[in-house]
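Chemist: Protein chains in written order, with the UniProt record's numbering: chain S, 1 to 355; chain F, 1 to 355; chain C, 1 to 355; chain L, 1 to 355.
Starting off with a structure, shown below.
There are 4 protein chains.
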Amino acid sequence: MAGNSYGTLFRLTTFGESHGDALGGIIDGCPAGISLDFEAIRKEMQRRKPGQSSIVSQRKEDDEVQFLSGIFEGRTTGTPIGFLIPNTNQKSDDYSHIKDTYRPSHADYVYEKKYGLRDYRGGGRSSARETACRVVAGAVARQILPDIKINAFVSSVGEIFIDKPYQALDFSLTESNAVRCPDAATAQKMEDYIKEIRKQGDTVGGTVTCVIQNVPIGLGEPVFDKLHAELGKAMLSINAVKGFEFGSGFCGARMKGSEHNDSFNEDGTTKTNLSGGIQGGISNGMDIYFRVAFKPVATLLQKQEVLTNQNTLIEQQGKGRHDPCVVPRAVPIVEAMAALVLADFYLINKIYQNH
Amino acid sequence: MAGNSYGTLFRLTTFGESHGDALGGIIDGCPAGISLDFEAIRKEMQRRKPGQSSIVSQRKEDDEVQFLSGIFEGRTTGTPIGFLIPNTNQKSDDYSHIKDTYRPSHADYVYEKKYGLRDYRGGGRSSARETACRVVAGAVARQILPDIKINAFVSSVGEIFIDKPYQALDFSLTESNAVRCPDAATAQKMEDYIKEIRKQGDTVGGTVTCVIQNVPIGLGEPVFDKLHAELGKAMLSINAVKGFEFGSGFCGARMKGSEHNDSFNEDGTTKTNLSGGIQGGISNGMDIYFRVAFKPVATLLQKQEVLTNQNTLIEQQGKGRHDPCVVPRAVPIVEAMAALVLADFYLINKIYQNH
Amino acid sequence: MAGNSYGTLFRLTTFGESHGDALGGIIDGCPAGISLDFEAIRKEMQRRKPGQSSIVSQRKEDDEVQFLSGIFEGRTTGTPIGFLIPNTNQKSDDYSHIKDTYRPSHADYVYEKKYGLRDYRGGGRSSARETACRVVAGAVARQILPDIKINAFVSSVGEIFIDKPYQALDFSLTESNAVRCPDAATAQKMEDYIKEIRKQGDTVGGTVTCVIQNVPIGLGEPVFDKLHAELGKAMLSINAVKGFEFGSGFCGARMKGSEHNDSFNEDGTTKTNLSGGIQGGISNGMDIYFRVAFKPVATLLQKQEVLTNQNTLIEQQGKGRHDPCVVPRAVPIVEAMAALVLADFYLINKIYQNH
Amino acid sequence: MAGNSYGTLFRLTTFGESHGDALGGIIDGCPAGISLDFEAIRKEMQRRKPGQSSIVSQRKEDDEVQFLSGIFEGRTTGTPIGFLIPNTNQKSDDYSHIKDTYRPSHADYVYEKKYGLRDYRGGGRSSARETACRVVAGAVARQILPDIKINAFVSSVGEIFIDKPYQALDFSLTESNAVRCPDAATAQKMEDYIKEIRKQGDTVGGTVTCVIQNVPIGLGEPVFDKLHAELGKAMLSINAVKGFEFGSGFCGARMKGSEHNDSFNEDGTTKTNLSGGIQGGISNGMDIYFRVAFKPVATLLQKQEVLTNQNTLIEQQGKGRHDPCVVPRAVPIVEAMAALVLADFYLINKIYQNH
């Protein structure tokens with residue numbers, strides 16, 4: 001109810017501020033008997049953490065996850081999986097200058113108005129550091145979805161777009177560059193642009209595209225809990241996200257029905273896939289694909305006007321170790337949230353799909 | 001869990017197939033003591049129902065809602081509000097031809113695969129007729145949100161867009177034309193285009209923009225239940241929706257932080273509003289605005305290939321009384337879902353906002 | 001949240017006041033493909049309704065249930081099952097005398113204090129008439145639990161108790177007398193006593209015992225959602241219930257561990273069953289049995305002091321058609337609630353039991 | 001869904017096995033701005049922990065709770081409160097003998113059957129050690145309920161009962177003896193009896209009575225979420241509980257309505273209180289009181305037959321440091337669960353009570 005849980009059957013609840021002792025979470029509802037691949041979890045954490053390359057934040061976060069329960073002799077026991085990510089590198093003094101001020105386009109102001117106080121050290125609960133817990137849970141969720149492939153990648157940075165359909169891309173190349181764009185030429189342009197933006201002390205937005213393959217038919221519940229509605233909510237819950245579209249998306253709104261309908265093949269697959277793998281909220285076995293829009297990071301290394309809690313405006317020089325462009329690091333987060341959504345529907349479907 | 005409820009505190013649960021005896025729902029969690037304006041509810045139902053003009057479906061649905069409980073002497077009692085919308089105009093024979101076939105880009109195929117059977121009369125549960133219950137509940141929800149103004153309108157049909165910011169529009173004109181576009185010149189173009197499309201037996205998509213004004217600061221819960229994430233889910237749960245963006249949306253992903261940040265005024269309002277009235281998932285008191293993409297209706301009055309349950313493809317002539325363009329009728333549905341989301345957060349905030 | 005739903009996967013939401021137009025409910029989460037036995041549902045409704053014999057209320061309630069959705073050609077479709085029970089025999093004038101008064105040990109007073117108003121016609125939402133919806137849903141729930149046998153019966157009325165263990169009873173005799181006590185001699189004593197109580201214009205309490213057999217091992221979730229904890233909540237939610245015990249119950253609190261432990265047989269069954277078929281909140285395959293205490297009905301056909309809404313006490317003569325003893329009619333309600341609890345855990349277990 | 005959360009608005013989710021690295025939990029939904037009394041929390045933990053006196057288990061558990069988030073400068077921030085209780089004194093070797101065996105009246109057997117494996121070190125998740133997290137959360141919950149007084153005490157051990165109504169007891173004496181019985185003479189008898197039982201290597205059951213005073217009118221939701229139904233579920237979810245009754249309880253089932261009804265005073269209070277402070281599921285402002293039955297602890301320091309996972313029966317000598325009687329340590333757990341229930345309804349009531 002207070003917003004810190006995701007999912008119903010495969011349910012993640014998280015806690016933690018960016019500058020407290022630790023972040024952590026509880027995964028409740030993970031089936032028993034799964035031999036967890038801890039290396040896979042560690043690898044996802046590495047992908048999310050800052051300081052991986054010159055185009056992302058140079059903060060150092062070790063992001064070592066400690067599993068405290070729910071696992072015995074390497075296998076899940078069916079009891080809740082508690083985990084902890086200690087905050088080993090909090091530098092509270094980085095943030096002391098914002099104690100009495102509200103930064104533009106941050107959550108400082110609304111937290112203080114809503115709760116009457118706020119943990120002003122860093123972003124507190126609204127920091128993107130919170131997404132580390134999502135990545136842990138997503139990496140566990142993927143392991144109960146063995147055959148489903150989830151591949152996200154950066155599809156645009158600022159005005160630089162991949163100009164190919166996803167089918168023309170080789171997802172194995174996504175990790176081959178710092179931007180996480182599987183098209184090498186475009187990746188280079190993006191990287192150059194991000195470096196330029198960084199020099200300006202500025203930031204830039206971008207989009208992440210995610211493709212989910214080998215999805216069984218039948219995932220998703222009709223009416224309010226449509227599969228794409230939950231995917232949309234999951235993506236929009238990630239910091240800095242401003243939009244979500246799946247299948248034909250906003251382009252579909254410009255089309256005619258005779259262009260948009262996906263004709264069947266005799267085996268139930270479809271010749272085209274403008275539907276994006278989902279009909280009436282339920283997966284139809286075709287690829288699911290969607291696109292997520294991220295705004296530019298609000299923290300600039302420039303002078304900006306900030307509001308004080310005395311209702312005056314003062315100029316403040318941004319500082320710290322922030323990302324000039326958030327989308328490369330958003331890639332594993334998008335995948336993690338997709339995995340959480342799928343895991344939940346996969347478990348629900350064990351009940352409702354009439355085999 | 002099975003997808004037929006929306007909301008947590010102000011909670012709507014619905015039932016009903018397009019060709020059963022009735023649709024209906026239960027609103028649980030409506031506060032006591034509210035003098036309901038039944039005329040306002042009736043008016044919203046009128047806006048949604050087919051047959052209002054020449055550019056929408058000519059089906060006749062009386063859509064009279066009967067309230068069965070939870071209201072005494074005109075006021076809500078705090079007990080659940082049960083309501084019924086009888087299906088007075090079901091023409092099952094319109095649909096008998098689809099008993100053994102699956103129409104392209106409909107939910108027929110996935111329902112049958114998921115559940116092992118389906119109510120083949122019309123769209124069954126996946127019919128947009130289901131949205132009638134949303135409109136009833138949304139019209140009740142609005143009445144616990146007295147000062148908040150929710151105005152949706154058609155912002156594009158096919159390639160025809162309103163080329164003005166919403167601030168330049170007069171929402172009182174939305175109902176003055178059949179398209180529900182508050183810009184008269186654009187509305188005329190849209191109407192002409194829809195008529196042309198209808199003659200072709202074709203359909204066309206479009207977008208609905210929604211503006212919410214006078215929102216108190218503090219609505220929305222951090223992390224997973226961000227206000228815009230719930231708005232996104234609510235909109236994506238409406239039939240035919242393919243995308244959602246709020247504030248700067250997908251355009252924001254092309255921008256730099258120095259362009260995108262909304263500078264404060266001394267009173268806590270902001271000079272610009274690319275954030276779309278929401279920071280960190282919580283309303284900041286500025287206008288909330290978002291845009292919803294609807295694909296073209298899949299049912300065409302043309303010949304199309306359909307899949308039979310014997311795994312063959314046959315040609316079928318579409319017939320019936322369908323909408324050539326769904327967006328005009330989607331306007332009250334978008335508003336209703338927005339009202340449901342806001343009502344839920346408004347009630348939650350009674351607990352969590354520290355006044 | 002507002003208390004009108006029961007269950008998570010097999011979820012019943014109800015509405016309706018005793019003197020409104022209708023009661024009704026929605027069953028969401030019933031699996032698809034079940035051929036419903038409507039006669040079985042009707043029969044359970046008959047067992048619950050008043051006027052069946054001289055020892056229960058002589059109100060006439062037809063209690064015809066109308067199913068409005070979720071069923072197609074006799075089978076469940078996986079979509080929500082909406083149902084309606086019209087109130088055909090409301091006599092509001094029976095209750096006009098209580099408009100401005102609060103009856104002792106009724107909910108009149110607390111409803112008015114909580115909600116600021118109340119539907120004073122009869123018990124409104126707090127009337128036991130509400131349990132009709134539970135019986136409908138319970139009768140559906142039983143049909144997804146084919147091999148599990150649920151048998152409730154009256155085990156005491158006032159000071160008259162069955163003095164045999166349940167194993168010595170023949171449950172097929174429960175319906176052979178008006179009291180629903182499977183021991184004929186005790187049933188006769190109970191019936192005589194209830195008739196005497198009725199002549200006095202008084203009422204009397206009693207207990208219902210319920211035995212559930214053929215339960216698979218593994219139902220129930222650890223820690224907070226233990227099987228017996230949910231059974232307890234379900235029973236305590238029935239009007240007039242004051243206590244719940246299972247297995248050894250309150251007697252167990254007097255025993256020593258060496259007397260109480262249930263030794264195993266080699267096949268995993270136990271030699272004794274003081275545990276009542278549940279260990280650590282999870283069914284162990286032995287019979288589940290529990291006992292529910294019902295207080296005497298508060299409405300007396302005698303003079304009683306009532307409180308007015310002007311804070312004065314006045315004498316009022318009780319009238320109407322109330323039950324002198326509620327437990328005979330409570331038997332099918334206890335069974336229905338047990339079925340709802342089991343159905344929910346049965347569905348959950350499809351996910352969590354590691355087969 | 002998997003049973004490790006309690007509450008809806010004030011929501012506790014827990015994790016942890018008795019012999020893992022740590023237990024812990026997340027409290028989500030605690031309002032912001034509360035200055036937490038950490039000493040009060042520590043004190044409740046002390047009351048629960050073993051080794052406090054000669055009549056309880058001599059295990060040493062430090063039970064130091066570490067708060068990791070949601071608190072800033074001593075006050076709650078409205079974000080989730082994560083906490084950790086390290087297991088500093090696990091002696092896994094105490095339990096190695098039960099790896100391949102199932103102890104009578106323990107959860108070993110059903111966990112293994114349900115999940116296909118179990119953490120055999122101690123009780124794992126089914127250990128009463130899990131209740132430490134409940135006590136932490138309950139101690140926080142009490143601090144949002146400032147005027148409500150919750151007093152539990154041991155009302156019986158075996159056949160030894162307090163023979164006075166609770167009104168004749170001085171709750172300030174509860175902590176004055178090892179049994180937590182506020183009647184000194186009875187406490188002495190109980191203590192002597194428990195020592196005798198311990199010498200026999202046996203255990204004994206008992207009851208805890210809880211009295212809640214200064215409850216505002218209006219807590220509890222009608223129909224399924226009645227206040228006493230939730231209290232019942234909360235109590236029945238505690239390890240070893242076999243029964244729950246409130247107000248007149250099982251005695252009420254023997255009474256006549258003319259004896260049982262609670263007549264009003266002119267101020268809305270009642271002359272008697274057989275209702276136990278709750279009418280129709282909603283608090284009426286009178287004292288709430290209930291009684292909870294605990295079975296004797298199943299672990300005996302005697303020889304018992306156990307089942308092996310090879311389906312043979314062998315004799316095993318119980319060993320370890322278990323409680324001869326669980327009820328003294330159950331007192332703070334009962335209070336904690338009562339506080340959790342009340343906190344949840346107290347928050348819900350902020351929405352639904354029409355002031």
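We treat Cβ as the ideally placed atom computed from N, Cα and C, and that holds for glycine.
Along the alpha helix (DSSP H) that carries S:Lys-199, what are the first and last residues, could you check?
Modeler: For the purposes of this step, residue 199 of chain S is taken as residue 199 along the first sequence, with counting starting at 1. Unbroken alpha helix (DSSP H) run through S:Lys-199: 184–199.
Chemist: For a quick check, are the C-beta atoms of L:Asp-287 and L:Gln-213 less than 9 Å apart?
Modeler: Sequence index remark: in the fourth sequence, residue 287 of chain L carries index 287 (1-based). Sequence index remark: in the fourth sequence, residue 213 of chain L carries index 213 (1-based). It is a contact, given that the beta carbons lie within the stated cut-off.
Chemist: Among the candidates S:Leu-12, S:Ala-330, S:Phe-153 and S:Gln-353, whose CA atom is the shortest distance from the CA of S:Pro-182?
Modeler: Translated into the one-based positions of the first sequence, residue 182 of chain S becomes position 182. The option with the nearest alpha carbon to S:Pro-182 is S:Phe-153.
Chemist: Which residue or residues does DSSP assign as beta-bridge partners of C:Pro-86?
Modeler: Along the third sequence, one-based indexing puts residue 86 of chain C at 86. According to DSSP, C:Pro-86 bridges with C:Ala-22.
Chemist: Does the CB of L:Asn-4 have a neighbour CB from chain S at under 9 Å?
Modeler: By one-based count along the fourth sequence, residue 4 of chain L stands at place 4. It does: the Cβ of L:Asn-4 has a partner Cβ on chain S nearer than 9 Å.
Chemist: Write down every uninterrupted run of the beta strand (DSSP E) in the segment 301–349 of chain C whose length is 3 residues or greater and which is fully enclosed by it, in chain order.
Modeler: Counting only runs of 3 or more, we get 303–308 and 313–317.
Chemist: S:Phe-244 by DSSP, collapsed to three states: which one?
Modeler: For this step, residue 244 of chain S is matched to residue 244 along the first sequence. If DSSP states are grouped into helix, strand and coil, S:Phe-244 belongs with the strands.
Chemist: Checking the sheet assignment: what are the DSSP bridge partners for C:Tyr-289?
Modeler: Here residue 289 of chain C is taken as the residue at index 289 of the third sequence, counted from 1. According to DSSP, C:Tyr-289 bridges with C:Val-211.
Chemist: Quick one: residues in its chain with C-beta nearer than 7 Å to the C-beta of L:Arg-291, no 5 flanking neighbours on either side, listed in chain order?
Modeler: By one-based count along the fourth sequence, residue 291 of chain L stands at place 291. Ser-155, Thr-207, Thr-209, Glu-245 and Gly-249, listed in sequence order.
Chemist: Can you give the beta carbon distance from C:Leu-9 to C:Ile-148, rounded, assuming they're within the 8 Å contact cut?
Modeler: One-based indexing of the third sequence puts residue 9 of chain C at position 9. One-based indexing of the third sequence puts residue 148 of chain C at position 148. Not a contact, Cβ separation roughly 16 Å.
Chemist: Do you know how far the Cα of C:Gly-220 is from the Cα of C:Asn-349?
Modeler: Locating residue 349 of chain C in the third sequence gives position 349, counting from the first residue. Locating residue 220 of chain C in the third sequence gives position 220, counting from the first residue. Looking at the two C-alpha atoms, the distance is approximately 8 Å.
Chemist: Residue range of the beta strand (DSSP E) that S:Ile-150 falls in?
Modeler: Within the first sequence, the letter at position 150 stands for residue 150 of chain S. Segment 149–157, the beta strand (DSSP E) holding S:Ile-150.
Chemist: Have a look at C:Ala-229, C:Leu-347 and C:Ser-53 and flag the residue whose alpha-carbon is nearest the alpha-carbon of C:Asp-28.
Modeler: The sequence position of residue 28 of chain C within the third sequence is 28, counting from 1. The option with the nearest alpha carbon to C:Asp-28 is C:Leu-347.
Chemist: State yes or no: is the beta carbon of F:Ile-351 nearer than 9 Å to at least one beta carbon in chain L?
Modeler: As a working mapping, residue 351 of chain F is identified with position 351 in the second sequence. Chain L, which has a Cβ nearer than 9 Å to the Cβ of F:Ile-351, makes this yes.
Chemist: Step through the CB atoms of chain S and report whether any lies within less than 9 Å of the CB of L:Met-255.
Modeler: Walking along the fourth sequence from the start, residue 255 of chain L turns up at place 255. Not closer than 9 Å to any Cβ of chain S, the Cβ of L:Met-255 fails to qualify, so no.
Chemist: Specify, as a first and last residue, the run of the beta strand (DSSP E) that S:Leu-12 falls within.
Modeler: For this step, residue 12 of chain S is matched to residue 12 along the first sequence. Its beta strand (DSSP E) spans residues 11–15.
Chemist: Which chain C residues are close to F:Ile-81, counting only those with a beta carbon under 8 Å from its beta carbon?
Modeler: The residue labelled residue 81 of chain F in the question sits at position 81 within the second sequence. Those within 8 Å of F:Ile-81 in chain C are Phe-15.
Chemist: For F:Asp-262, which of S:Met-45, S:Asn-273, S:Ala-22 and S:Tyr-109 has the nearest alpha-carbon?
Modeler: Locating residue 262 of chain F in the second sequence gives position 262, counting from the first residue. Comparing Cα-Cα distances from F:Asp-262 to each of S:Met-45, S:Asn-273, S:Ala-22 and S:Tyr-109, the minimum goes to S:Tyr-109.
Chemist: Apart from the five residues just before and just after L:Leu-227, which ones in its own chain have a Cβ nearer than 7 Å to its Cβ?
Modeler: As a position in the fourth sequence, residue 227 of chain L is number 227, starting the count at 1. These residues qualify, in order along the chain: Leu-219, Gly-220, Ile-278, Gly-281, Ile-282, Ser-283 and Phe-345.
Chemist: Any residues in the segment 106–117 of chain S with a beta carbon nearer than 9 Å to a beta carbon of chain L? Which ones, in chain order?
Modeler: Listed by position along the chain: Tyr-111, Lys-114, Tyr-115, Gly-116 and Leu-117.
Chemist: Let's test the definition: count the other Cβ atoms within 10 Å of the Cβ of C:Gly-122 and tell me whether it reaches 16, buried, or not, exposed.
Modeler: Within the third sequence, numbered from 1, the residue matching residue 122 of chain C stands at position 122. Its Cβ being crowded by 16 or more others within 10 Å, C:Gly-122 is buried.
Chemist: Could you check which residue in L:Asn-265, L:Thr-270, L:Ala-293 and L:Tyr-352 has the C-alpha nearest to that of L:Ser-237?
Modeler: Mapped onto the fourth sequence, residue 237 of chain L falls at position 237. Among L:Asn-265, L:Thr-270, L:Ala-293 and L:Tyr-352, the Cα nearest to that of L:Ser-237 belongs to L:Ala-293.
Chemist: Taking DSSP as the reference, what is the three-state secondary structure of L:Tyr-6?
Modeler: Translated into positions along the fourth sequence, residue 6 of chain L becomes position 6. In this structure, L:Tyr-6 counts as strand in the three-state DSSP scheme.
Chemist: Check the Cβ of L:Ser-248 against every Cβ in chain C and list those closer than 9 Å, keeping chain order.
Modeler: Position 248 of the fourth sequence, counting from 1, holds the residue named residue 248 of chain L. Result: Gly-205, Lys-242, Gly-243, Ala-293 and Lys-295.
Chemist: Relative to the C-alpha of L:Gly-257, which candidate in L:Thr-270, L:Arg-329, L:Leu-274 and L:Ala-137 has its C-alpha closest?
Modeler: Within the fourth sequence, the letter at position 257 stands for residue 257 of chain L. It is L:Leu-274 whose Cα lies nearest to the Cα of L:Gly-257.
Chemist: Considering Cα atoms alone, identify which of L:Ala-338, L:Val-327, L:Tyr-352 and L:Ser-105 is closest to L:Glu-230.
Modeler: As a first step, residue 230 of chain L is located in the fourth sequence; it is residue number 230 there, counting from the start. Here the closest residue by C-alpha is L:Ala-338.
Chemist: Let's test the definition: count the other Cβ atoms within 10 Å of the Cβ of S:Lys-295 and tell me whether it reaches 16, buried, or not, exposed.
Modeler: Position 295 of the first sequence holds residue 295 of chain S. S:Lys-295 is buried by the Cβ-count criterion.
Chemist: Does the segment 299–307 of chain C come close enough to the segment 94–105 of chain C that 3 or more CB-CB pairs lie under 8 Å?
Modeler: The answer is yes - the segment 299–307 of chain C touches the segment 94–105 of chain C, with three or more Cβ pairs under 8 Å.
Chemist: Along the chain, where does the alpha helix (DSSP H) containing C:Ile-41 start, and where does it finish?
Modeler: Against the third sequence, residue 41 of chain C aligns to sequence position 41. 38–48 is the span of the alpha helix (DSSP H), which, as asked, contains C:Ile-41.
Chemist: Could you pull out every residue in the same chain whose Cβ sits closer than 6 Å to the Cβ of L:Ala-187, ignoring the five residues on either side in sequence?
Modeler: In the fourth sequence, counting from the first residue as 1, residue 187 of chain L sits at position 187. Result list for L:Ala-187: Asn-177, Val-179 and Cys-181, in chain order.
Chemist: Could you check whether the Cβ of F:Thr-270 sits closer than 9 Å to any Cβ belonging to chain C?
Modeler: By one-based count along the second sequence, residue 270 of chain F stands at place 270. No - not a single Cβ of chain C is within 9 Å of the one on F:Thr-270.
Chemist: Could you list the residues in the segment 216–231 of chain L with a C-beta less than 9 Å from some C-beta on chain F, going in chain order?
Modeler: The segment 216–231 of chain L vs chain F, Cβ under 9 Å: Pro-222 and Val-223.
Chemist: Taking Cβ positions only, does C:Leu-347 come closer than 9 Å to chain S?
Modeler: Position 347 of the third sequence, counted from the first residue, corresponds to residue 347 of chain C. So, interface residue.
Chemist: Taking any Cβ of chain F, which residues in the segment 24–43 of chain C have a Cβ under 7 Å from it, in chain order?
Modeler: Those would be Gly-24, Ile-26, Asp-28, Gly-29, Ala-32 and Gly-33, in chain order.
Chemist: Rounded to the nearest angstrom, what separates F:Thr-312 and S:Thr-76 at their Cα positions?
Modeler: Translated into positions along the second sequence, residue 312 of chain F becomes position 312. Translated into positions along the first sequence, residue 76 of chain S becomes position 76. Cα-Cα distance, rounded: 45 Å.
Chemist: Check L:Arg-75 in the structure and name its three-state DSSP category.
Modeler: Taking the first residue of the fourth sequence as position 1, residue 75 of chain L is located at position 75. L:Arg-75: strand per DSSP, three-state reduction.
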